[in-house]
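One structure is given here, and the rest of the page talks about it.
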Amino acid sequence: MSNRAVATDAQPAQTDGENPPPPAGPDRLPVPLARRLARSVWFWPTAFAALAVGWRLGSPEMWHDELVTIDVATRSTAQIRGMLTNVDAVHGAYYLFMHAWTTLFGTGPIAVRLPSALAMTLATACVALAGRRLFDHPTGVAAGFVFALVPTVTRFGQETRSYAFVVLAAAASTLFLLRALERPGWRRWVAYALAVAGIGLVNVVALTLLIGHGTAVLIHCWRQRRWWSLAWFPLAAVGGVALAAPVILRGMKQAGRQISWIPDISPWTVWEQAYGSTLLAAAVTALATVGLLTHLRRDAVARTVSATLVAVLPVPVILLASTGEINYFFSKYLLFLLPAWAVLAGAGIAALRRTPLLAAGLVVVAALSVPGQLALRAEYSHGWYTYPRARAFEPLSYSQAAGVIEAGYEPGDGLVVGGVWWWMTEPGVRYYLPEDISLRNVFQKRTAAQRDELFGADCGDPASCLRDEPRLWLVVPTVTDAPLTGLSKEPAALLGERYQLARLTHVTGLTVALLQRRG
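Now the structure itself:
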């Protein structure tokens, strides 16, 4: 029997000193880069993820949260820091990054969504590499594809918010931990600490992943009888959390205001919303169970248990923390768990062993993902983060409203906006208006940037704020034939007295009215 070592992506070939590998020669040319990429565990899943995330990247209408990001990112750094002392500190690092990004690349739909697309694409590579290290090459490939097929992966890979960066930091931290345990060294532990800091800078809830990481380290040390990692892990974890501590502490102080609105709903409903598909949530959960049970019967018990604990342990911890006044068990906040569950699901598919069966399993997963993928690419899909359940918000077309104003605009026109601030009606309309159209919000005393807030302040005396503009564009976030009812009592009475309705247009979710000054 041959005693030659076999090299794999997961385990480099081991050779003894008496039989070194033969040198490269004319008959042993280096493998071309293209062939090496094609054979790598991460290349095809990552390429697929890039295509999936890039499909219709700029098409869906900007929605409330994305408009908040753009509004804040286009402020000065001093204004952003001022706002973070009052609200949204948890998104502070992301806002500052997006400020630099938009300064370089602008605020077009594709430009502002591209960072999230890149983050999810990189997360796919991390998932594939982690699957290979935990199990084998087929598992890594399958895990990468399963992850990329989850509708919310590509959905939040197209959103101008920080969630894709949370997923990337979580996936990278797990991969870096595996690398550090495989071959300890201070550089690898520093990489892990930086990934942990990345988690803390974008989502405090995702730091519960460290509980699973800690148990995995304990299992590894017990099996290998190497206890140095018990010192390195807490040092790296605490160091990473310490780097993000200012954001974490400020975010905890603001939590009551930020997320007190999150409703209590059943865990399964949250779970299927985290996947953006009831069918895929069930399929991934089932495949993960198969992966767990299959590998418990082999020589990979410790690795399987470790992978399972990383995927599972944060769930009861978050549920327990949500028994108080604030609910943290929210679909968007659970996205950081998708990489770990994709690895287990990949192990379940890889249990089929033969390549044709493995491919067939991925085809089935892909077929199950189609309804969610299509629904979350629709024009107003970004406001439907509760899919596949009922919509949290009705569709609003700021672009259609802006088109109506652009077609009838005249210099000197003013703007009046109805509805509560979180509809982001004014920022939405302004985003889609050409830069050469300037409309003064006639009833706004101070802008959001001037207040270091997410919303502006209205005039206490509406009559004093009017400058007798000859025409006003009124936009309210509802479809109505009586647009003044979308305003508070005093501004509505004032406009009814001084202006008359000249034109009324209904667009998706909004009413645009042109008011002409009387006499």
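Residue numbers for the sequence shown follow the numbering used here, beginning at 74 and rising by one. For glycine and all other residues, C-beta sits at the position ideal for the given N, C-alpha and C.
Relative to the C-alpha of Ala536, which candidate in Leu283, Thr551, Leu567 has its C-alpha closest? Of the candidates Leu283, Thr551, Leu567, the residue whose Cα lies closest to the Cα of Ala536 is Leu567.
For Val585, which option in Leu267, Asp531, Ala530, Leu469 has the closest C-alpha, if you only look at C-alpha atoms? Leu469
Beta-carbon contacts of Gly501 that lie in its chain and below 6 angstroms, excluding the five residues immediately before and after: Leu140, Tyr471
Please name the residue in Ala439, Leu441, Ala440, Tyr460 whose C-alpha comes closest to that of Leu449. Taking only the C-alpha atoms, the option nearest Leu449 is Tyr460.
Note down, in chain order, each residue of its chain lying with its Cβ closer than 6 angstroms to the Cβ of Ala423, except the 5 sequence neighbours on either side. Pro211, Thr212, Ala215
What residues are listed by DSSP as bridge partners for His293? Answer is none; His293 lacks a bridge partner.
I need the straight-line Cα distance from Leu431 to Ala245, nearest angstrom please. 25 angstroms
Between which two residues does the beta strand (DSSP E) carrying Gly559 extend? Neither: Gly559 is in no beta strand (DSSP E) and is coded neither H nor E.
Would you decide whether Ile599 is buried or exposed? Buried here means 16 or more other CB atoms lie within 10 Å of its CB. This structure cannot speak to residue 599, because the chain is shown only from 74 to 592.
Is there contact between the segment 174-189 and the segment 381-401, where contact requires at least three CB pairs shorter than 8 angstroms? Remark: fewer than three beta-carbon pairs, one from each stretch, lie closer than 8 angstroms, so the segment 174-189 and the segment 381-401 are not flagged as touching.
Identify the continuous alpha helix (DSSP H) that holds Gly329 and give its terminal residues. 318-332
In angstroms, rounded to a whole number, what distance separates the CA positions of Ser330 and Arg464? According to the sequence as given, residue 330 is Arg; it is not Ser. Between Arg330 and Arg464, the C-alpha separation is close to 23 angstroms.
With three or more C-beta pairs closer than 8 angstroms as the rule, is the segment 219-228 touching the segment 346-359? yes
Residues sharing a beta bridge with Trp259, DSSP: Answer is none; Trp259 lacks a bridge partner.
Considering only the beta carbon of each residue, do Met193 and Ala237 sit closer than 8 angstroms? yes
Leaving out the 5 sequence neighbours to the left and right, which residues in its chain are closer than 7 angstroms to Val275 when beta-carbon positions are compared? By the criterion of a C-beta distance shorter than 7 angstroms, Val275 is surrounded in its chain by Ala166, Tyr167, Ser235, Phe238, Val239, Ala242, once the five residues flanking it on both sides are discounted.
Could you tell me the alpha carbon to alpha carbon distance between Gln87 and Asn400, rounded to whole angstroms? Only weak support is given to the placement of Gln87: the predicted model assigns it a pLDDT of 39, under 50, and the value that follows is read from those uncertain coordinates. Whole-angstrom Cα-Cα distance: 51 angstroms.
Residue closest to Trp344, alpha-carbon to alpha-carbon, out of Leu366, Trp305, Leu410: Leu410
Assuming Trp546 is part of the beta strand (DSSP E), what are its boundary residues? 544-549
Could you round the C-beta distance between Leu545 and Val489 to whole angstroms and report it? I think they count as a contact, below 8 angstroms. 5 angstroms
Check for me: the alpha helix (DSSP H) holding Leu202 runs from which residue to which? 182-207
Between Thr158 and Asp486, which are expected to be in contact by the criterion C-beta below 8 angstroms, what is the C-beta distance as a whole number of angstroms? At roughly 35 angstroms, the Cβ-Cβ gap does not stay under 8 angstroms, so Thr158 and Asp486 are not in contact.
What first and last residue would you give for the beta strand (DSSP E) that runs through Thr578? Where Thr578 is concerned, the enclosing beta strand (DSSP E) starts and stops at 572-580.
Through-space distance from Arg590 to Asp541, alpha-carbon basis: 8 angstroms
Pick out whichever of Ala328, Leu435, Gly312, Thr247 has its Cα sitting closest to the Cα of Thr288. When only C-alpha atoms are compared, the closest one is Thr247.
Does the segment 357-370 come into contact with the segment 248-267, if we say contact requires no fewer than three beta-carbon pairs (one atom in each stretch) closer than 8 angstroms? no
Buried or exposed: where does Asp138 fall if 16 or more other Cβ atoms within 10 Å of its Cβ makes it buried? buried
N-terminal and C-terminal residue of the beta strand (DSSP E) that Thr584 is part of: Taken as a continuous stretch (DSSP letters only), the beta strand (DSSP E) holding Thr584 covers 583-590.
Quick one: residues in its chain with C-beta nearer than 6 angstroms to the C-beta of Ser379, no 5 flanking neighbours on either side, listed in chain order? Ala289, Ile292
Have a look at Lys326 and Leu369 and give me their C-alpha separation to the nearest angstrom. Rounded to whole angstroms, Lys326 to Leu369 spans 43 angstroms at the Cα level.
Could you spell out the range, first to last residue, of the alpha helix (DSSP H) harbouring Gly434? For Gly434, the enclosing alpha helix (DSSP H) covers residues 428-448.
Just how far apart, CA to CA, sit Gly127 and Ala190? 7 angstroms
Report yes if the CB atom of Leu282 is closer than 8 angstroms to the CB atom of Pro387, and no otherwise. yes
Ends of the beta strand (DSSP E) at Gly456? No beta strand (DSSP E) holds Gly456; DSSP gives it neither H nor E.
Helix, strand or coil: how does DSSP classify Pro94 here? With a pLDDT of 48 at Pro94, under the threshold of 50, the modelled position of this residue cannot be trusted; read the value that follows with caution. In this structure, Pro94 counts as coil in the three-state DSSP scheme.
Excluding the 5 residues preceding and the 5 following Arg261 in the sequence, name in chain order all residues of the same chain whose CB lies nearer than 6 angstroms to its CB. Arg252, Ala253
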